[in-house]
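In the numbering used here, the protein residues as written are 117 to 189. Yeah, the Cβ is synthetic: ideal placement off N, Cα and C, and Gly gets one too. Since this is a predicted model, take the numbers as computed values, not measurements.
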Amino acid sequence: MSRNDHDKLYVSEIVLSPDVTFGGSKQPSEHELEALHHHAHEECYIANFVKAEIIVRPKRALAPKADLDQTAG
């Protein structure tokens, strides 16, 4: 929270920490993942609607082995 020019509190920063999981044998590189998140941020309703800074800190995870086996066949 921060104070605006009229000394009123407002939400100045929003941090999103999505859990990002990819299934299958093709996993994006770190560069590809960064590009995906950049594009998503450019199209994000929240980021385009609010004046607060939007920070995305994705947490990357691998799909469980059972999910990988189902998509490989």
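Taking the alpha-carbon positions, what's the residue i to residue j distance?
i: E159; j: S128; result: 20 Å
i: F138; j: L132; result: 18 Å
i: L152; j: V172; result: 12 Å
i: Y161; j: K167; result: 12 Å
Could you give the DSSP three-state label for residue i: helix, strand or coil?
i: A168; result: coil
i: A177; result: strand
Excluding the 5 residues flanking residue i on each side, which residues of the same chain have their C-beta closer than 7 Å to its C-beta?
i: H147; result: none
What does a CB cutoff of less than 6 Å around residue i pick up in its chain, not counting 5 residues either side in sequence?
i: V136; result: P174 and R176
Using a Cβ-Cβ cutoff of less than 8 Å, which residues in the same chain neighbour residue i once the five nearest sequence positions on both sides are dropped?
i: R119; result: L125 and Y126
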